[in-house]
Amino acid sequence: MDDMLKAIETSTRLTSSYTAVDEISRTVLAAIAQVDRSEFVPERSLNRAFENHPLRIGHGQTISQPFIVALMTHLIDSQPGDRILEIGTGSGYQAAIAAELVTHVYSIEIVPELARSAERRLKSLGYTNVSIRTGDGWYGWPEEAPFDGILVTAVASSVPLQLLSQLANGGKLVMPLGDADGDQELAVVTRDSAGELSTRNVLPVRFVPMTGEGILTLRE
Ligand SMILES: C[S@@+](CC[C@H](N)C(=O)[O-])C[C@H]1O[C@@H](n2cnc3c(N)ncnc32)[C@H](O)[C@@H]1O
């Protein structure tokens with residue numbers, strides 16, 4: 020775990036000229052230190068659980084690189100009372116980190132088997148503040164909107180309008196934008212207190228594509 024935290028610090032330093040993030044916040048690093056990544060990776064990858072790399076979790080999907088999880092969690096700039104929406108539950112790792120920091124995490128996963136196993140895993144680890152739903156995250160979770168922050172962990176060519184409409188004033192949406200197999204940028208969309216939107220590109224990244232409605236927006 021210590022090596023993973025050191026690798027996150029190194030990646031943060033090496034990318035700071037792009038991201039304008041010199042340090043990941045202490046609260047985010049504390050949350051990462053609190054969550055055992057080995058609980059979220061398949062048995063065959065246990066020896067690599069604390070490496071700063073994405074790992075395969077089955078169904079053609081991945082658990083994201085720890086540095087990217089740290090950066091996205093930092094960029095969403097959450098407060099303890101927040102309610103966060105995540106699109107792309109995958110293993111449940113990012114949801115667990117967010118759950119350490121906010122009041123409630125709502126997470127949507129399109130692959131039913133991944134949604135079910137993440138739900139079981141988070142329950143057995145004692146998380147009572149994460150709700151998981153199987154479905155197409157393109158449409159968000161309107162019954163629980165608005166959200167103080169939205170994390171999307173799969174790439175689309177544009178931000179789904181339904182997600183923007185579910186972002187509270189003062190909230191941030193963090194997601195990769197671009198092509199499935201081409202250029203992708205991690206972007207932060209901020210909705211200010213008057214409801215005005217602004218977007219900042221933060222870092223070139225590589226994410227799996229958003230499927231469901233989102234795949235229609237992507238060029239292979
Ligand atoms: C990079 S993985 C997510 C990693 C995950 N956050 C974690 O911590 O393990 C992206 C996930 O997004 C899911 N996904 C892709 N398109 C989706 C959609 N339209 N709605 C919901 N989930 C989607 C994939 O099935 C995959 O599990």
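Number 239 marks the last residue of the sequence shown (the numbering used here); no jumps. Backbone N, C-alpha and C fix where the C-beta goes; we use that ideal spot for every residue, glycine too. All of these numbers come straight from a predicted model, not from anything done at the bench.
Item                                                                                                                                           : Value
With C-beta atoms as the reference, is leucine 94 less than 9 angstroms away from lysine 191?                                                  : yes
Would you identify the three-state DSSP class for serine 217, choosing helix, strand or coil?                                                  : strand
Output the distance between the C-alpha atoms of serine 64 and serine 57, rounded to the nearest integer angstrom.                             : 8 angstroms
Nearest CA to the CA of serine 212: which residue from Gly189, Gly168 and Gly107?                                                              : Gly189
Shorter than 8 angstroms, the distance from the beta carbon of alanine 49 to the closest heavy atom of ligand 1, or not?                       : no
For the region 40 to 99, list the beta strand (DSSP E) runs that are entirely contained and at least 3 residues long, ordered along the chain. : 74 to 77 and 80 to 82
Taking 9 angstroms as the cut-off, decide whether the C-beta atoms of methionine 126 and serine 150 are in contact.                            : The sequence given here places serine at residue 126; methionine does not occur at that position. Closer than 9 angstroms, so yes.
Within the present structure, is the beta-carbon of tyrosine 112 separated from the nearest heavy atom of ligand 1 by less than 8 angstroms?   : yes
Tell me whether the beta-carbon of glycine 214 lies closer than 9 angstroms to the beta-carbon of leucine 182.                                 : no
Does the Cβ of serine 184 have 16 or more other Cβ atoms within 10 Å, making it buried, or fewer, making it exposed?                           : exposed
For the alpha helix (DSSP H) holding methionine 23, just list the boundary residues, first then last.                                          : 21 to 38
Let me check understanding here. Comparing Cα to Cα, which of Gln53, Leu74 and Ser136 lies closest to alanine 118?                             : Gln53
In chain order, which continuous runs of the alpha helix (DSSP H) of length 4 or greater are located wholly inside the region 149 to 190?      : 180 to 184
Which ranges would you report for the beta strand (DSSP E) in the region 97 to 124 if only whole runs of at least 3 residues count?            : 102 to 106
Grouping DSSP H, G and I as helix and E and B as strand, with all else coil, what is serine 136?                                               : helix
With hydrogens ignored, establish whether the beta-carbon of glutamate 62 is closer than 8 angstroms to any heavy atom of ligand 1.            : no
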